[in-house]
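Below you'll find the structure, written out as structure tokens, and then a few comments.
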Amino acid sequence: MSVLRLGVNIDHVATVRNARGGEHPDPVAAARAAVAAGADGITMHLREDRRHIRDTDLDRMRATVTAPINLEMAATEEMLRIALAARPHAACLVPERRAEVTTEGGLDAAGQRAALAPIIAALREAGIRVSLFIDPDREQLEAAAALGAPVVELHTGAYAGGRPGELERLARAAALTTGLGLECHAGHGLTYDNVGPVAALPEVVELNIGHFLIGQAILDGLPATVRRMKELMQAARRN
Ligand code: PXP
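So the number in the working numbering is just where the residue sits in the sequence shown, counting from 1, plus 207.
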């Protein structure tokens with residue numbers, strides 16, 4: 208069987224933590240649990256507005272999580288500085304708009320070559336594996352290759368949204384990566400129900416999945432957590 212890694216995106220553990228402004232649940236503890244369960248890497252997106260993970264989460268993650276860390280980041284000077292200091296295994300350049308709920312579309316690698324080239328070069332020089340999060344289009348793939356990015360992550364959001372023809376579009380894009388010398392990753396909106404056809408694309412070697420996993424972990428974990436709280440309550444009453 209060929210390689211297919213799972214990168215677990217822990218951003219939404221931080222979303223829940225931040226709802227109360229405290230330290231629980233800790234995204235770094237969640238990352239350790241994911242790695243113990245077989246995650247091949249941890250993905251985190253340090254957004255300009257720090258809406259989920261914080262700078263200190265990245266530092267603690269680097270210090271205590273042994274699995275490869277993939278830092279999703281906007282192609283800005285500030286994020287470049289942070290990435291060069293943190294030295295994650297990989298950096299995935301994503302488009303970022305403050306008002307968006309999540310990363311809505313791929314990076315326009317073809318339209319932003321001049322802005323992206325120095326950032327990609329600086330990350331590569333620091334030994335950080337660069338990927339570009341792009342829509343599954345030939346023009347974007349060719350631009351990524353021309354920019355010297357070793358990896359692309361194909362945006363699976365339109366496929367996950369059920370748009371007809373999107374699986375075929377992903378398959379065509381994945382097939383092009385080999386000839387262009389690009390390593391192929393994919394992600395966004397993947398769930399138990401829709402992961403199969405993307406996982407079956409032979410060129411894809413890594414999937415990055417976040418929102419569904421964290422949501423499902425709440426559903427799967429709630430029964431044991433409620434049982435534990437009731438035990439503690441009842442034990443206190445008995446004493
Ligand atoms: N890959 C990239 C580049 C992303 O920006 C995101 C969302 O942060 C994901 C994967 C994961 O998407 P989801 O949370 O929908 O699984």
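Quick reminder that beta carbons are idealized off the backbone N, C-alpha and C, glycines included.
Only a predicted model underlies this, so the values are computations on that prediction, with no experimental measurement involved.
Output needed for residue i: all residues of its chain with C-beta closer than 7 Å, excluding positions within five of it in sequence on either side, in chain order.
{"i": "A290", "result": "L278, M280, A298, L330, I335"}
{"i": "A350", "result": "A316, A317, R320"}
{"i": "A324", "result": "L354"}
How would you call residue i, buried or exposed, if buried means at least 16 neighbouring beta carbons within 10 angstroms?
{"i": "R379", "result": "exposed"}
{"i": "V301", "result": "buried"}
{"i": "G422", "result": "exposed"}
{"i": "G417", "result": "buried"}
{"i": "H395", "result": "buried"}
{"i": "D342", "result": "buried"}
Sort out for me which residues DSSP pairs residue i with in a bridge.
{"i": "V359", "result": "L339, C391"}
{"i": "H231", "result": "None; H231 has no bridge partner."}
{"i": "I276", "result": "I249"}
{"i": "N415", "result": "G214, G394"}
{"i": "L426", "result": "DSSP lists no partner for L426."}
{"i": "A292", "result": "In the DSSP output, where bridge partners are listed per residue, A292 has none listed."}
The ligand GDP and residue i: does any heavy atom of the ligand fall closer than 6 Å to the residue's C-beta?
{"i": "N415", "result": "Of the ligands this structure carries, namely the ligand PXP, none is the ligand GDP."}
Leaving aside the five residues before and after residue i along the sequence, list all residues of the same chain whose C-beta is less than 8 Å from its C-beta, in chain order.
{"i": "L211", "result": "A406, V411, V412, E413, L414"}
{"i": "A233", "result": "Reading off the sequence shown, one finds Asp at residue 233, where the question assumed Ala. V220, R224."}
Which residues in the same chain as residue i place their Cβ atom closer than 6 Å to its Cβ, once the five residues preceding and following it in sequence are excluded?
{"i": "N401", "result": "A367"}
From this set, the options, which residue's C-alpha is nearest residue i's C-alpha?
{"i": "H362", "options": "K437, A393, E303, P325", "result": "A393"}
{"i": "R229", "options": "I260, S209, V215, A246", "result": "Before going on, a small fix: residue 229 reads as Gly here, not Arg. For the residues I260, S209, V215, A246, the minimum Cα distance to G229 belongs to I260."}
{"i": "E390", "options": "A324, P295, V359, H231", "result": "V359"}
{"i": "R345", "options": "L439, R376, E332, I421", "result": "R376"}
{"i": "P295", "options": "A322, D266, G396, A282", "result": "D266"}
{"i": "M286", "options": "L253, R239, D264", "result": "L253"}
{"i": "V235", "options": "T222, E307, M440, T271", "result": "T271"}
{"i": "I217", "options": "R227, M268, L383", "result": "M268"}
{"i": "M251", "options": "R227, A293, A243", "result": "A293"}
{"i": "I276", "options": "A333, V215, M208", "result": "V215"}
{"i": "Y399", "options": "A424, D256, R257", "result": "A424"}
At least three beta-carbon pairs within less than 8 Å, the region 406-413 to the region 423-437: no
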